[in-house]
């Protein structure tokens, strides 16, 4: 599609541009039926000027709001001291205005992007945030795109105009209006077109957006949301919503806009509980990182599964087969057995020295104490106090029998108070404590998981139900960090262990006592200074008050506490037990059963949006059906929405991908493309030895074709190092590696890294090897073929 000018658009958009524009009607092999369309009109230069005046007024109001928020933030920061409640209120005020400034700064680009002219004669301007006139707070000058009154901007068509006479898309660059696209929603025009009801809304703006060059970062679709996408974005908060959609249907964009919509609509709930968005890898999260801030939302926590355990960032690589094994539900039993294996019973009686005496702890006593602690049903660390009680009591009874025995053969001479004293003393004996730690150690999740995989003996005991080959595959050196598949195991181990926070509480108490002692010293110095002053100053006034008369040490210490100001997302990130108000999972089909257990713990309310495509499942532990994922958690109490139109992937490329999809599952249907590009995908056969040179030639050719766009080179995982080296030497600025920079002109990736990304042109290298590398290789090839927005080339080998 040719780029539009700053004043008007091409009214011939009723005809296919750069290939056929597909609609919602049935196809007969010659092409899809055309939907009803609005009449497209070209705005005049005068209209551009009028809109510029209004947009300039909006930016002036935005500047006023920023100034007000900045002044109020400054006042709150200067307002130090006061009671604990006053300081807490100040911290809340500081956080509120800090977040407000962030939101106001984030909407600088594209503040206002639309206008609705209603049949009633009124106008509504649509933008990223809502704003009211300065003089009348009840008069809106800009509607937030998420407000119910703005919804016709996305739903109105010629067949169902929703009371809209004209829809205008306002294109801006910085603060300048550079173009307008108008649609007059006239039922007579719709009738002449055949009466269809499934046309695109804002077709000119949509096609301009999808044909624009990629930048290496995802942009929002707030100006071009389509009806089926809007239905998903505005769905109810409660329950589990599954969004199934093929390549290019905008699943990720819909998920991000849904997060922004839910925060706007349910801010009172979600501002305190937070929203978690889980993506497939760190590269993907960087790719989408600018979307939510541009939608005026900065409070969503973005994480990969490998980052869901506080303090752990999992980057260690491992074979796909090992990751699949770790993702199986059977690993819950393995971890439970590994923890029980740490609850030791000595083979022989243990002799424990106590000062100048000694006592003996026999295995039977330990077994009884262990069984008592296990029967409590408490997690391992929280059951430790019960185990200690049983052992201490048994040792105290043994001491009492020895020390308090009546030499004449009567009853024991010691009473209950003596026994209590023995127990207190035994709890402080270093050797007794060492024995207790050895028999029933307080463990961390890291100790359990790392210790299990580093010991063939522990694997043999805990993994008795696994095959010998499976146990051997799990063994590894303890050093080297964590893999993404380890993180769900760490989280599961944390559940099985429980958190023993006694040590943390003791640290807090010690710190608090130190602060009080410091404050006492300050008051003593002040009191001494006061006495000296009274002695030195003649006629000092009796009854004069100072700090020592008004404060005690603990209140002074309290005033010096400087509470850390954390956002909801920051607090949630540091708290493994945090319950989120809503959880959104992109590429959800890739998650293992163990990863699902983690996410369900993060969402006890089961308020979730799961976005994915089972036809693109590449992980061996991933999902083959949504029912299989959700049945054990919510039964059949979940909703399915399907996105059926591909906005990103051209019809020419989708035709190639459809052949691969048919091999994956003949019952699956490819999304319908909204446009063609006129660029037919190409493929060449290359000799093995010539592949590096031919790849470099192809990269250079594609870079020339896409101009300022981006080229993605998708290679088999086993070829990445060799091809990456050759391409890097010949193509300056090419990005590759574990965390490639997506803003580079050329990026070389594996299929796993490319999930969810898009490029103007894509080169798929050695598709046969991509298929051969995994039992789900055809799914991987389907993903690779559908990353392009304009051009696709394939280099076959052999």
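Residue numbers (the UniProt record's numbering): 1 to 798. Here a beta-carbon is modelled for each residue, glycine too, at the ideal position from N, C-alpha and C.
It is roughly 27 Å from the alpha-carbon of residue 699 to the alpha-carbon of residue 661.
One Cα belongs to residue 201, the other to residue 630, and the distance between them is close to 34 Å. With a 10 Å radius around the Cβ and a threshold of 16 neighbouring Cβ atoms, residue 75 comes out exposed. In this structure, residue 175 places its C-beta atom within 9 Å of the C-beta atom of residue 59. In its chain, beyond the 5 residues on either side, 276, 308, 578, 579, 580 and 583 have a beta carbon closer than 8 Å to the beta carbon of residue 602.
Residues of the same chain with a CB within less than 7 Å of the CB of residue 248, apart from the 5 flanking positions on each side, are 646, 647, 648, 649, 671 and 786 in chain order.
Annotation: residue 347 to residue 363 spans about 7 Å, alpha carbon to alpha carbon.
Partner residues in the beta bridge of residue 169, as assigned by DSSP, are 114 and 181.
The beta-bridge partner set that DSSP reports for residue 351 consists of 360. Assignment of residue 311 by DSSP, reduced to helix, strand and coil, places it in the coil class. Here residue 266 carries a coil assignment [DSSP, helix/strand/coil].
The alpha-carbon separation between residue 498 and residue 382 amounts to approximately 6 Å. For residue 221 and residue 781, the gap between their C-alpha atoms comes out near 27 Å. Around residue 144, the same chain offers 129 and 130 as residues with beta carbons nearer than 6 Å, after the five sequence neighbours per side are excluded. Rounded to the nearest angstrom, the gap between the Cα atoms of residue 103 and residue 691 is 49 Å.
Residue 378 and residue 384 have their C-alpha atoms some 9 Å from each other. In its chain, beyond the 5 residues on either side, 58, 59, 62, 127 and 128 have a beta carbon closer than 7 Å to the beta carbon of residue 111. From the listed residues 109, 332, 134 and 566, the smallest Cα separation to residue 170 is found for 109. DSSP places residue 750 in the coil class of the three-state scheme, outside both helix and strand. Here residue 608 carries a strand assignment [DSSP, helix/strand/coil].
Its chain contains 112, 115 and 142 as the residues whose beta carbon lies nearer than 6 Å to that of residue 125, once the 5 sequence neighbours on both sides are disregarded; these appear in chain order.
When the beta-carbon positions are compared, residue 744 and residue 328 stay at least 9 Å from each other.
For residue 674, the closest C-alpha among the options 80, 237, 211 and 64 is that of 211.
Taking each of 152, 284 and 87 in turn and checking the Cα distance to residue 183, the smallest one comes out for 152. The beta carbon of residue 370 is closer than 6 Å to those of 343 in its chain, skipping five residues each way along the sequence. In this structure residue 391 is in contact with residue 361, their Cβ atoms being roughly 7 Å apart against a cut-off of 8 Å.
One Cα belongs to residue 286, the other to residue 753, and the distance between them is close to 12 Å. When the beta-carbon positions are compared, residue 255 and residue 243 come within less than 9 Å of each other. In this structure, DSSP gives residue 513 a helical state, which the three-state scheme calls helix.
A check of alpha carbon separations from residue 783 across 737, 587, 651 and 701 identifies 587 as the nearest. Around the beta carbon of residue 349, fewer than 16 other beta carbons lie within 10 angstroms, which makes this residue exposed.
Under the three-state reduction of DSSP, residue 44 is assigned to coil, being neither helix nor strand. Just so you know, the alpha carbons of residue 133 and residue 55 end up roughly 13 Å apart.
DSSP places residue 473 in the uninterrupted alpha helix (DSSP H) bounded by 468-474.
DSSP, read as helix, strand or coil, puts residue 594 in helix. Nearest to residue 732 by C-alpha distance, out of 686, 739 and 696, is 696.
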